[in-house]
Structure formats: C-alpha cells, structure tokens
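Only one structure is covered here, and it is reproduced in the block below.
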Amino acid sequence: MSTNTAFGIYVHWPFCAAKCPYCDFNSHVHHGKFDEDSFVSAYIKEIETTARRAPERLVESIFFGGGTPSLMKPASVGTILDAIAKNWQVADKVEITLEANPTSVEAERFRGYRAAGVNRVSLGVQSLRPEPLARLGRLHSVEDAVAAVRLAQSIFDRSSFDIIYARPDQTLGQWEDELTEALALSEGHLSLYQLTIESGTRYFDLFNAGKLKMPSEDLSADMFEMTQELTASYGLPAYEISNHARPGQESRHNLIYWRYGEYAGIGPGAHGRLIMGGARHATAAERMPFKWWEKVIETGDGLVTDDTLTWDEEGDEYLVMGLRLREGIDPARYQALARRALTSTQIDFLKGIGFIETLPNGRLRVTDKGWPVLDAVVADLAA
1 MSTNTAFGIY
11 VHWPFCAAKC
21 PYCDFNSHVH
31 HGKFDEDSFV
41 SAYIKEIETT
51 ARRAPERLVE
61 SIFFGGGTPS
71 LMKPASVGTI
81 LDAIAKNWQV
91 ADKVEITLEA
101 NPTSVEAERF
111 RGYRAAGVNR
121 VSLGVQSLRP
131 EPLARLGRLH
141 SVEDAVAAVR
151 LAQSIFDRSS
161 FDIIYARPDQ
171 TLGQWEDELT
181 EALALSEGHL
191 SLYQLTIESG
201 TRYFDLFNAG
211 KLKMPSEDLS
221 ADMFEMTQEL
231 TASYGLPAYE
241 ISNHARPGQE
251 SRHNLIYWRY
261 GEYAGIGPGA
271 HGRLIMGGAR
281 HATAAERMPF
291 KWWEKVIETG
301 DGLVTDDTLT
311 WDEEGDEYLV
321 MGLRLREGID
331 PARYQALARR
341 ALTSTQIDFL
351 KGIGFIETLP
361 NGRLRVTDKG
371 WPVLDAVVAD
381 LAA
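Below, the structure written as structure tokens:
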C-alpha cells in the first residue's frame, strides 16, 4: 500500500483560562486545585503504551495543541518531550511546535519552552483590533499580541500566528487593512481562518437567536479572494487553503495531516492515524480530562475509539486532506489507498467548470476558483 512515511505526534493539553465563544475544540476551564505533575505522568504512560503499539517510528514533528499548552510549565513540556525521545527515535531536525496565547504571563515562559526543546510557536492572536478581540473572548490586548509575536520571533527559529476573519460586521476594507498589518508583522507563516459558526458554541446560540450578523457568502468569498492575492504579493502564498508561508516555512506537522501521513494522538480527546498490521487505524481518546486521566492510569491509554478504516474511508480521507493543499494529490496514491481509481467523468466535469486541474507532474489540485467550494469538489470526486 502506498503511504506517506512521515510520522508525527500530537499532544493535546485541554485546559484554557477561558472558553472562547466561537470555539468547539476540546478545551476546558478548570477551577480549583490541579496537580499538573500527576497529569503529566499520565501523558508519559500513554506515550509508552502508544509506542508499544506503533514502535520503530522516526518522529519528524511534535505539536502541542489545545486548549492552551502555554499554560503548562516549561518543565512539563520538557518531561513529555523526554518521554517521546525515550520511546521513539526522534529526527535530528524534528519540528517541535507549541501553541500559545499572547498574554504577557505566557510570553514570559517562551525562553523556558525554548530551553525544553520547543523550536516553533504558533500564537493565537485572532485579531489586531481591540473590539473584535473582546467579541472573540480573547484575554489579551492588541499590544500584548504584537509584543508576544515579536518576542517569539526573537527566541524561536520559526513562528506563526493565527488571525480570524469574516467576523461579524467586518467589511472588506477593514480586513484588507488588518491583513496588511498582519503581513508586515509576520516573518514567515500565517494561518488565516474564516470564522465559522459551530454547533455547541456561544456564537451558535447567538447566531440562531438573530443576535450575530455574519458576512454574506458573497462578502466572505471576496474576503477569501483578496486574502489569496494580498498574501501572495507579500511572498506568503497559500500552501493550504487557510495557511500561508514563505517557501520552507510551512508547518511540517500539519503537512503530515494534509499529506495523509501517520501520527499518534496523546492526551484527552486527541485523534491519531496509525498503521498497524498493514491497516490504518483511526484512534480517539476520552475527551473529558479527568476521565481520560483515570482511564490512562487504569489501562495505560485513554482510547475510546480504535477503528480500522476501510479502503473507501482511506481514499475519502486522502481526498479531504490532500485537496486542501496547493500541491494537490497523487491520483496513483488515491488508487492504492481506495483500491479504485478516481472517476474520469467526474474529473473531466470538474475540469470543465474550472474547479480542478492536472499539474505537469500528474498531480490533481483544486484551482483558485474551486477552493471556495472545496467541500463540494471533494464530494464530487469521492462519489
């Protein structure tokens, strides 16, 4: 079977100082006493168990996501990294990313994370305007954000930050001004996400109650198109539908996902894709942090799902992930995964309306015209 041999590890830290109204991630605000060292011991145990199930891998990336991993003590990050290195071989040039919020308290920890082994940070800036920051539930100011970005750039070899656009009441001109500032601040990588209303969030309730006015589809499409043009003009073109980088500054960890590689999920709610016994397994851990802790202490891991994917499911996942990339997908790899070829009539139809194209190297990718309707393109190809 054709596979992507890159292997990464995702470490989920589920705790946040506050729950943002748009967030549907597995994040939790914990009040009261908390024994971080005991919690970290469960991560070590789950790493050991996972390494026994998926041994002899070369770890090329490690990503601490959340939640808010920058609430962790640098020593905790170091302990988890030591456990990974003890149980797997780690590449000499491994990318180790930590997500952080740009509050001044967390920014002061940056040097500690760098000493622990982190060599890349991803900052949740979300906006460079004070009113939207407040509406998004962020606890930092614009000044905090700019200071944290600049500090990160001075300490880490590589860094990135996120901005959310297509926000309530935002105009195209406002977004162009804000994006221009973000591009001037960035040194190599930007993640730019259109705001989506997700079930179970505070924004979902407000939207359904008519208290949240979102941009129209046409305005959102104009914002997306302008984003592609402006980022490219600054030398940070999109290499993925929401991610922009100078050549060589791409997130190597996220490329493992999008290229349909193999990765282990560690921590509450973490997902993984592991190849065991010649089959790809989809794994997921218990979402509730303290239930996960109890399960790991009792059984060695927090898994609540361990499904062997069918050929069709592998093919579908490869399409969903790979077509997000500017480099596109390899039709031969799709055929190896799904045990069937993509349908030529569907390809010809989508080419005819300008949504996909074949590159000189034979790869198939979504065009600029097709990217805004990516989900529909994927559905047509998978049919």
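All residue numbers for the sequence shown refer to the UniProt record's numbering, where the first residue is 1 and numbers rise by one.
Backbone N, C-alpha and C fix where the C-beta goes; we use that ideal spot for every residue, glycine too.
C-beta atoms of residue i and residue j nearer than 7 Å
i    : j    : result
M321 : W258 : yes
V142 : P130 : yes
I9   : A264 : yes
Y239 : A245 : yes
D306 : H281 : yes
V118 : I96  : yes
G124 : P74  : no
P268 : K213 : no
L323 : V373 : no
T343 : E357 : no
A285 : W292 : yes
F39  : H28  : no
L128 : E178 : yes
L172 : D222 : yes
Same chain only: Cβ atoms within 8 Å of residue i, ignoring 5 sequence neighbours per side
i           : result
Q153        : S159, E187
residue 384 : It is not possible to answer for residue 384, since the shown part of the chain is limited to 1 through 383.
E48         : A83, N87, G300
V11         : Y43, I62, F63, F64, G65, P69, I80, I266, G267, A270
Simplified DSSP state of residue i, which is helix, strand or coil
i    : result
Y257 : helix
L342 : coil
K73  : coil
D301 : coil
K86  : helix
Y10  : strand
M214 : coil
Contacting residues, own chain, Cβ-Cβ under 7 Å from residue i (five flanking each side not counted)
i    : result
T220 : First, the amino acid is wrong: residue 220 is Ser here, not Thr. The residues are A166, Q194.
I241 : R324, W371, L374
Supposed contact pair residue j and residue i - C-beta distance, whole angstroms, cut 8 Å
i    : j    : result
D162 : S199 : Going by Cβ atoms, the distance from D162 to S199 rounds to 21 Å, so no, they are not a contact pair.
L139 : A17  : 6 Å
L364 : P331 : 6 Å
K369 : F355 : 6 Å
L58  : Q89  : 5 Å
G261 : A51  : Actually they are not in contact, since the Cβ atoms of G261 and A51 sit about 17 Å apart, beyond 8 Å.
Chain-order list of residues whose beta-carbon lies under 6 Å from that of residue i (same chain, five-residue window excluded)
i    : result
Q346 : D380, L381
I164 : Q126, Y193, L195
Closer than 8 Å is the cut-off here; do at least three beta carbon pairs connect the segment 90-108 with the segment 69-76? Counting Cβ pairs under 8 Å, three or more are found: they touch.
Touching by the beta-carbon criterion (3+ pairs, under 8 Å), the segment 272-287 and the segment 306-322: A contact exists between the segment 272-287 and the segment 306-322.
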